Amino acid sequence: MSGLDGILYPAIEPYASGMLAVGDGHRIYWETSGAPDGKPVVFLHGGPGGGTAPWQRRFFDPERYRIVLVDQRGCGRSEPHASQAEADLSAVTTWHLVSDLELLREHLGVERWQVFGGSWGSALALAYAQAHPDRVTELILRGIFTLRRHELDWFYEGGAQALFPDLWEAYIAPIPSGERAHLIEAYHRRLTHPDPDVHVPAAVAWTVWEASTITLRPDREAIAKASEPRNAVAFARIENHFFRHGGWFREGQLIEDAGLLRDIPGVIVQGRYDVCTPMMTAWELHRAWPEAELVVVDDAGHAAIEPGIAAALRAATDRFAG
Numbered sequence: 001m002s003g004l005d006g007i008l009y010p011a012i013e014p015y016a017s018g019m020l021a022v023g024d025g026h027r028i029y030w031e032t033s034g035a036p037d038g039k040p041v042v043f044l045h046g047g048p049g050g051g052t053a054p055w056q057r058r059f060f061d062p063e064r065y066r067i068v069l070v071d072q073r074g075c076g077r078s079e080p081h082a083s084q085a086e087a088d089l090s091a092v093t094t095w096h097l098v099s100d101l102e103l104l105r106e107h108l109g110v111e112r113w114q115v116f117g118g119s120w121g122s123a124l125a126l127a128y129a130q131a132h133p134d135r136v137t138e139l140i141l142r143g144i145f146t147l148r149r150h151e152l153d154w155f156y157e158g159g160a161q162a163l164f165p166d167l168w169e170a171y172i173a174p175i176p177s178g179e180r181a182h183l184i185e186a187y188h189r190r191l192t193h194p195d196p197d198v199h200v201p202a203a204v205a206w207t208v209w210e211a212s213t214i215t216l217r218p219d220r221e222a223i224a225k226a227s228e229p230r231n232a233v234a235f236a237r238i239e240n241h242f243f244r245h246g247g248w249f250r251e252g253q254l255i256e257d258a259g260l261l262r263d264i265p266g267v268i269v270q271g272r273y274d275v276c277t278p279m280m281t282a283w284e285l286h287r288a289w290p291e292a293e294l295v296v297v298d299d300a301g302h303a304a305i306e307p308g309i310a311a312a313l314r315a316a317t318d319r320f321a322g
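In case it helps, our numbering puts the sequence shown at residues 1 to 322.
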């Protein structure tokens with residue numbers, strides 16, 4: 001992440017961390033860094049299933065923020081990990097994650113906190129804020145994703161192949177031609193297959209497709225990381241599980257219920273050339289929640305590591321630092 005050194009804050013280490021039992025046999029990893037008496041902010045990672053990374057602490061002024069990172073159920077350092085052969089995702093849903101955030105907030109003794117989320121993290125942030133608006137001081141969102149059917153169809157069922165036909169061939173390669181009419185379902189059958197010779201190649205193909213298309217220019221480091229089997233299996237299994245169920249939202253719920261956010265200050269950061277979560281969704285959210293500022297980055301795709309997006313996100317956290 002050296003390319004972000006002139007944009008984000010310097011690297012820091014956590015001053016506390018732990019595992020929180022949240023029920024259903026799950027324990028989630030959490031950590032806090034920055035100022036122990038600073039303004040609380042919780043970072044919600046993407047995926048779902050992406051987990052957190054140390055560089056994500058750097059969006060926040062460490063002298064003014066108490067920075068909370070959390071690995072959602074089944075991924076990162078949380079347990080049990082979705083890469084395990086016996087992984088059971090029945091208790092890994094949006095509403096379990098919303099409940100987990102409330103348990104974590106209470107565990108850390110936080111009254112209200114800023115919520116920062118990108119991609120899937122934006123959906124989780126919206127779901128949490130709409131359920132608990134009195135617990136949110138501000139929302140900072142990036143790459144808006146609400147799991148509506150047409151959003152999922154665009155990226156996982158064929159729309160985006162119009163821009164990446166070469167990469168699309170690698171994505172559909174694990175799926176026989178007779179099953180390609182419903183790719184999310186076909187992938188589900190392979191990702192849940194007990195044989196690693198079946199589920200690992202499928203997971204890597206799914207994850208590499210995403211990593212190869214989220215930046216305006218290819219990020220070779222991110223693509224290489226996406227090929228690592230353990231994290232690829234967890235990432236693909238959890239994403240596919242959520243997408244098959246539409247995030248457990250009614251269709252259009254997060255935008256239709258945006259009126260619940262009216263009293264929460266917000267910033268929406270969106271890359272103009274985001275192929276993974278195209279700008280239409282950010283625009284529709286902004287129209288439903290006009291109180292939030294929409295920042296369009298004209299030379300970026302989807303990823304938070306792109307310089308223009310990183311700079312806009314840091315500007316937003318600085319603005320709300322108090």
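Don't be surprised by glycine CBs; every beta carbon is placed ideally from N, CA and C.
Only a predicted model underlies this, so the values are computations on that prediction, with no experimental measurement involved.
| Query | Result |
| --- | --- |
| Give every residue of the same chain whose Cβ lies closer than 6 Å to the Cβ of G49, excluding the five residues on either side of it in the sequence, and list them in chain order. | C75, A234, F235, I238, E239 |
| Would you tell me roughly how many angstroms separate the C-alpha atoms of E106 and F116, rounded to the nearest one? | 18 Å |
| Looking at E306 and L216, is the spacing between their C-beta atoms short of 8 Å? | yes |
| Within 10 angstroms of the Cβ of S177, are there 16 or more other Cβ atoms? Answer buried if so, exposed if not. | exposed |
| With DSSP as the reference, please indicate the residues paired to F43 in a beta bridge. | L69, F116 |
| Determine the extent of the beta strand (DSSP E) in which R244 is found, giving its start and end residues. | From DSSP, R244 is part of no beta strand (DSSP E) but of the alpha helix (DSSP H) over 229-244. |
| For the alpha helix (DSSP H) that L101 lies in, which residues bound it at each end? | 94-107 |
| According to DSSP, which residues form a beta bridge with M19? | Y29 |
| Taking A304 as the reference, give the member of P265, I214, R262 with the closest Cα. | I214 |
| By alpha-carbon positions, which one of R180, S17, L167 ends up nearest to R66? | S17 |
| Spatial neighbours of D219 within its chain, please: CB distance less than 8 Å, with the 5 preceding and 5 following residues excluded, ordered by chain position. | A211, A303, I305 |
| Give every residue of the same chain whose Cβ lies closer than 6 Å to the Cβ of A316, excluding the five residues on either side of it in the sequence, and list them in chain order. | I140, V267 |
| Which residue spans inside the region 197-228 form an unbroken alpha helix (DSSP H) run of at least 4? | 220-226 |
| Buried or exposed for H193, going by 16 or more other Cβ atoms inside 10 Å? | exposed |
| Helix, strand or coil for R135? Go by DSSP, reduced to three states. | helix |
| Let me confirm a value: W206 is counted as buried when at least 16 other C-beta atoms fall within 10 Å, else exposed. Which label applies? | buried |
| Nearest to Q56 by alpha carbon, out of T94, Y15, A11? | A11 |
| Since E185 is in the alpha helix (DSSP H), which residue starts that stretch and which ends it? | 183-191 |
| Using 8 Å as the Cβ pair cut-off and three pairs as the minimum, do the region 144-164 and the region 288-296 touch? | no |
| Looking at the strands, I want to know which residues DSSP matches up with G271. | V297 |
| Could you spell out where the alpha helix (DSSP H) holding G308 opens and where it closes? | 307-319 |
| Considering only C-alpha positions, which residue in the set W30, G109, D37 is nearest to R73? | W30 |
| Do the CB positions of A202 and Y187 come within less than 8 Å of each other? | yes |
| What residue range is occupied by the uninterrupted alpha helix (DSSP H) comprising E179? | Where E179 is concerned, there is no enclosing alpha helix (DSSP H), given that its DSSP letter is neither H nor E. |
| Since R142 and G118 should fall inside the 8 Å C-beta cutoff, what is the C-beta to C-beta distance between them, to a whole number of angstroms? | 4 Å |
| I'd like to know whether the C-beta atoms of A127 and L254 end up nearer to each other than 8 Å. | yes |
| Would DSSP call I144 helix, strand or coil? | coil |
| Express the C-alpha separation of V42 and W113 in angstroms, rounding to a whole number. | 7 Å |
| Report, in whole angstroms, the separation of the C-beta atoms of W95 and W248, which I expect to be a contact under 8 Å. | 6 Å |
| State the start and end residues of the unbroken alpha helix (DSSP H) segment that holds F155. | 149-156 |
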